[in-house]
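**Q**
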Amino acid sequence: MKSQKIILLCVSFFCFMTTISQESKKKLSIAHSKFEKYAFADAREMYLELAATGYRPADLLMKLGDSYYFNGELQNAFEWYAELITKFSDYDAEYLFRYAQTLKNIELYDEANNRMKEYYLKKGISYSDLFKNKERNYLELIDLQSDNAKILNFEFNSIYSESSPGFMPDGGVSFSSSRDMSSKEKDTRNNQPFKDLYFYKEGKITKFPSPVNTKNSEVSVAFTKNGDTIYFTRSSNLNGEKISKYRSTAHSKLYRAIFKKGKWKNIKELPFNDSKYSVADPCISPDGKKLFFTSDMPGGFGKMDIYEVEILKKGKFGKPKNVGSKINTIGNEVTPFLGKEKELYFASNGQLGLGGLDIFVSECPNGEYLAPVNLGKPINSPGNDFGFVINQDLKEGYFASNRSETIGDNDIFKFKLKKKLITKYNQTLQIKIKDAITKNSLGGIGLLLFNEKGDIIERASTNENGFYEFDINCSQSYIIRTSNDIYRTEEVVFQSNYEIHKKHMLDIDLYRGENLARISFPARNDLNDILQSSTIYFDEDGGDLKSSDKIELMDVIGLLTANPDLKIEVKGYTDNQGNRDYNHILSLKRSMSIKNYLVQDGHINPNRIKAIGNGELNPRVDCGDDCSENEHRLNRRGELVVVQ
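Here the sequence shown stands for residues 93 to 736, where the numbers follow our numbering.
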């Protein structure tokens with residue numbers, strides 16, 4: 093009898109637990125349905141109720157963390173991502189990226205960097221290739237930039253969300269806000285009203301009239317200099333729409349409006365909008381000839397990338413162009429702003445920063461962006477900092493942030509510069525030229541400085557003491573070439589490091605004689621490291637070497653020259669676009685172009701080098717049919733391997 097009671101109790105308990113489990117799964121399914129329709133706030137309440145009962149499967153932890161992360165609440169997201177990463181292993185690599193952002197938000201930078209390395213490893217991307225030696229001292233570099241401004245929470249902030257500050261031609265400040273409590277429509281991501289555009293002038297806040305503002309969200313605006321044209325972002329009403337795998341934001345489009353007879357009219361979509369991706373954050377270049385914007389259109393380097401497009405006559409536009417991998421990363425780059433000297437200010441969570449979105453600046457000499465510089469504290473914080481604009485004459489401006497000092501969700505902060513911003517990580521390279529035999533200093537020796545692409549950056553000559561000093565950028569490769577009628581030409585490869593304001597000294601000894609080129613190479617200890625660092629990346633459908641590739645291969649020539657018994661294989665690869673047979677031929681062409689350069693220009697015996705075409709085999713990034721342009725680029729490569 094007693095045993096029957098025990099069995100009955102066990103059966104009852106099992107049925108009870110099964111019922112609870114079924115109810116939990118049913119409730120979780122309802123919560124997921126709400127989440128997939130962007131109802132983050134409502135879904136979060138259900139997730140929290142389930143979590144409180146101890147029911148915490150991986151998909152609940154993912155979505156609960158996402159419900160905070162997608163609203164910029166990184167500190168709240170941390171708890172749930174930490175539990176996910178600690179307890180489970182079967183999760184998308186994207187959660188390592190998000191977890192790293194939350195770790196930075198609570199200033200656990202070493203752990204965050206370790207998680208980012210895991211993320212890049214899962215994505216098949218070399219973390220060291222992307223950041224080289226930046227990681228080691230990037231916080232020190234940020235400290236050098238810090239304490240550069242005085243900031244204050246601006247007077248037009250509310251308990252709701254304010255963002256997207258901008259300058260108006262008449263001296264006002266435009267911004268977006270969700271403060272309109274008369275609106276019946278709510279953004280289900282945070283249960284706040286949808287955003288509208290406002291402007292602030294002389295202590296008064298005015299709402300942009302319709303038809304600029306609508307029942308949807310209008311979130312950023314850019315004015316032409318004469319004030320008769322605006323470009324602005326309008327986001328779709330997400331309520332009821334299905335969320336995509338990576339997009340948590342509204343589907344956005346850019347519009348243009350013309351001011352006529354006291355009203356904004358002729359509102360039209362820009363031609364590069366598309367229902368399949370977002371286009372947002374307009375910014376007009378100082379000369380009015382280009383429009384910068386952000387988009388997650390296909391072919392980018394990550395999620396949201398920054399693009400530029402020419403503004404043509406009669407309402408026409410050129411073809412949008414990605415601003416490149418110096419700026420865009422595997423993360424998000426948003427809210428571009430162009431300074432007087434065409435330097436680009438933007439926010440990124442893919443560059444190395446303090447947490448969330450940080451604000452960066454990149455100079456653009458000769459049409460090529462330099463390595464971005466973090467603007468440091470107090471402009472940046474462990475939270476999301478974005479929407480930076482600056483009046484360089486007044487040395488003041490605005491930005492948006494969700495840092496802990498905010499009144500509402502996001503606030504707009506005003507800043508006044510206390511000192512000049514560092515806009516590039518520069519160094520100096522002092523050249524000293526001597527006679528190789530007499531050791532006498534040589535004045536009047538011609539010098540050419542080449543960049544990574546093989547372009548001439550500067551022409552100069554040594555002074556009477558044999559010296560000349562070049563200004564160079566951090567973490568870049570250069571070639572210094574000498575020229576003189578009496579002394580032989582020398583070419584020296586130089587790689588700068590990432591120490592800001594570092595002063596390098598380089599001695600070059602010249603021999604008298606025929607004007608024949610001799611190549612000098614930096615000393616290296618590990619032969620395999622030289623080969624691994626000399627991976628060559630090819631353009632789509634391309635098989636020829638660029639000038640920068642030849643610079644990379646100079647170390648290989650030096651290695652093979654110093655080790656005459658060494659033999660190597662050159663393996664060519666392609667991405668997975670196009671016909672496989674064609675790709676196999678293309679990969680062989682790539683390996684042969686490397687071999688031919690080593691043989692013809694490096695004077696290496698061809699029998700020491702074997703060229704192999706591997707086609708689409710062994711991709712560095714195994715992304716299947718869903719590859720970004722950056723992932724395709726990493727697969728289009730030539731690798732060198734020691735075989736003897």
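Glycine residues also receive a C-beta, built at the ideal position from the N, C-alpha and C atoms. It should be emphasised that the depicted structure is a prediction, and the values quoted were computed from it without experimental measurement.
1. Helix, strand or coil for residue 677, going by three-state DSSP, please let me know.
2. Reducing DSSP to helix, strand and coil, say where residue 116 ends up.
3. Using only alpha-carbon positions, find the residue among 514, 412, 321 that is nearest to residue 462.
4. Could you tell me how far apart the beta carbons of residue 525 and residue 602 are, in whole angstroms, since I believe they sit closer than 8 Å?
5. Less than 8 Å between the beta carbons of residue 252 and residue 501, yes or no?
6. With a threshold of 8 Å on Cβ separation, who are the neighbours of residue 442 within its own chain once the five nearest residues in sequence on each side are excluded?
7. If you draw a straight line from the alpha carbon of residue 604 to that of residue 557, how long is it in whole angstroms?
8. Does residue 372 come out as helix, strand or coil in the three-state DSSP assignment?
9. Do residue 712 and residue 697 have their CB atoms nearer than 8 Å?
10. Is residue 649 helix, strand or coil by DSSP?
11. Ignore the nearest five residues each way along the sequence and tell me which others in residue 358's own chain have a CB closer than 7 Å to its CB.
12. Kindly indicate which three-state DSSP category residue 359 falls into: helix, strand or coil?
13. Counting only C-beta atoms, is residue 563 closer than 8 Å to chain C at any point?
14. Based on Cα-Cα distance, which residue from 307, 249, 328 lies nearest to residue 291?
15. Answer with buried or exposed for residue 261, where buried requires no fewer than 16 other C-beta atoms within 10 angstroms of its C-beta.
16. Can you tell me where the alpha helix (DSSP H) holding residue 183 begins and where it ends?
17. Of the residues 732, 642, 448, which one's Cα is nearest the Cα of residue 693?
18. From 661, 236, 117, pick the residue whose C-alpha is nearest to that of residue 593; which is it?
19. Kindly indicate which residue of 362, 635, 471, 541 has the alpha-carbon position closest to the one of residue 238.
20. Does the separation of the CB atoms of residue 685 and residue 647 fall below 8 Å?
21. Are there three or more Cβ pairs, one per stretch, closer than 8 Å when the region 450 to 468 is compared with the region 199 to 218?
22. From the DSSP output, read off the bridge partner residues of residue 705.
23. If you draw a straight line from the alpha carbon of residue 690 to that of residue 570, how long is it in whole angstroms?
24. Considering only DSSP beta bridges, list what residue 691 is partnered with.
25. State the beta-bridge partners of residue 565 as determined by DSSP.
26. Which class does residue 721 belong to by DSSP, given the choice of helix, strand or coil?
27. Cα-Cα, which of 326, 591, 148, 142 is closest to residue 374?
28. Using only the alpha-carbon positions, how far apart do residue 491 and residue 297 sit?
29. Spatial neighbours of residue 614 within its chain, please: C-beta separation below 6 Å, excluding the five flanking residues on both sides.
30. Would you check if there are 3 or more beta carbon pairs closer than 8 Å linking the region 657 to 666 to the region 701 to 715?
31. For a test of the three-state rule: what should DSSP assign to residue 686, helix, strand or coil?
32. Quick one: give me the first and last residue of the beta strand (DSSP E) that residue 497 is part of.
33. Comparing alpha-carbon positions, which option in 376, 389, 388 lies nearest residue 402?
34. With H, G and I counted as helix, E and B as strand and the rest as coil, what does DSSP make of residue 129?
35. Counting along the chain, where does the beta strand (DSSP E) carrying residue 383 start and finish?
36. With DSSP run on the structure shown, which of helix, strand or coil describes residue 210?
**A** Taking the geometry as given:
1. helix
2. helix
3. 514
4. 6 Å
5. yes
6. 394, 420, 421, 422, 423, 424, 425
7. 18 Å
8. strand
9. no
10. helix
11. 349, 350
12. strand
13. Absence of chain C from the displayed structure is noted, only one protein chain being present.
14. 249
15. exposed
16. Careful: residue 183 lies outside any alpha helix (DSSP H) and carries neither H nor E.
17. 642
18. 236
19. 471
20. no
21. no
22. 664
23. 19 Å
24. Residue 691 is not bridged to any residue.
25. 518
26. helix
27. 326
28. 18 Å
29. The pLDDT assigned to residue 614 is 40, lower than 50, so where the model puts this residue is not dependable; a value taken from the coordinates is nonetheless given after this. Correct list: empty, nothing qualifies.
30. yes
31. helix
32. Element bounds for residue 497: n/a, residue is neither H nor E.
33. 376
34. coil
35. 382 to 387
36. helix
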